[in-house]
Each structure stands twice: as structure tokens, then as C-alpha cells.
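A.B. asks: Take 16 as the starting number for the sequence shown in this note's numbering and just add one per residue.
For each residue, glycine too, the CB sits at the ideal point set by N, CA and C.
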Amino acid sequence: MMTTTADIQLLEHLPTVLGRSLLQYLAECPPWTAGPGLEIQERIEELAAAQREDLQILVDLILRLRGLPNFGVFPLDFSDRQFLAMEFVYPELIEDQRRCIAAIETVNQQTGFISGVRPVLMKMRTNEMKLLEELQALPVDDSAGAE
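1) Who are the near neighbours of Phe93 in its chain, counting only those whose CB is closer than 7 angstroms to its CB and skipping five residues on each side?
2) On the DSSP letters alone, give me the boundaries of the alpha helix (DSSP H) that Phe103 sits inside.
3) Can you name, in chain order, every residue of its own chain whose Cβ lies under 8 angstroms from the Cβ of Leu76, other than the five neighbours on each side?
4) How about Glu143 and Ile116: do their beta carbons lie closer than 7 angstroms?
5) Can you tell me where the alpha helix (DSSP H) holding Arg81 begins and where it ends?
6) Hey, how far is the Cα of Asp141 from the Cα of Leu147?
7) In angstroms, rounded to a whole number, what distance separates the CA positions of Arg67 and Val74?
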């Protein structure tokens, strides 16, 4: 099947989702942490680095297809997260990671016939699911952020 401009445009949007995720934002602009929270922040940074590895694979794929990755900017909604304790940000972090996975699944369904795309997206989905599991396993008391 021939690769269309529309297919490539769908792929080009994914770097915005992954590269500007809340996980990436919290790695660059950490929420308020103290004591044991510092270990959690270190883990957040490690998980964000793993997500950036997936992002690099995706960017390489887009460039190989002669597309132009769109990195966009972090959402304005994230701009005050570094002033909050991790306990308040944590539920949103989990939800944002689920959003990343859903975006990969959607693009996979719509572009899965492009040569070489499906294996990359499925590997990314698997990796992002592992990141979600690791985020959910962090020792964060998220009752403060629960509604």
C-alpha cells in the first residue's frame, strides 16, 4: 500500500504527544519534592529518558518516510505543575500516560499498513504500557490528588 501525505501527517503528530507528555514535563520541571520524594523524581527522570528513546525511534521513522516531526510545545495546563507536590500531580501523570498509549493505538489503526510502521508503533505501545505500569508502581500517596 502506498504511503499518503495524510498517513505521514498522523505519524508527525505523535512526537508532540510523547515529547510533550506530562512525564517529559515533570522530568524537565520537577514538582515539589522532599525526602523520599527525591527518589521518586529520579525514577520519573529515568522513565522520561526511556520515553525519549521511543521518541527517537519514531522521529527516525518519520524522517525515513520523508515527513517532518512536529514537537509542538508543552500544554499551558502543565505550567504550574512544578509548584505542586507529586501527590497532587500523580493522578494526572497516570492519565496523561494513558493518553499517550491511546494516541499510539489510534495512529497504529490508521497507518498500520505503511511499510515498517506497525512494528515500530506496536513496540512503542508495549514500551509505553511498561512505563505506565512503572508509574503506577511508584510509592506515591495519591489520595491528596484524588477527587
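C.D. replies: With the structure as the only source:
1) Leu37 and Tyr40
2) Met101 to Thr126
3) Leu26, Gly131, Val132 and Val135
4) yes
5) Premise fails: Arg81 is in no alpha helix (DSSP H) and is neither H nor E.
6) Inspection of the sequence shows that residue 141 is occupied by Thr rather than by Asp. Their backbone Cα atoms lie some 10 angstroms apart in a straight line.
7) 10 angstroms
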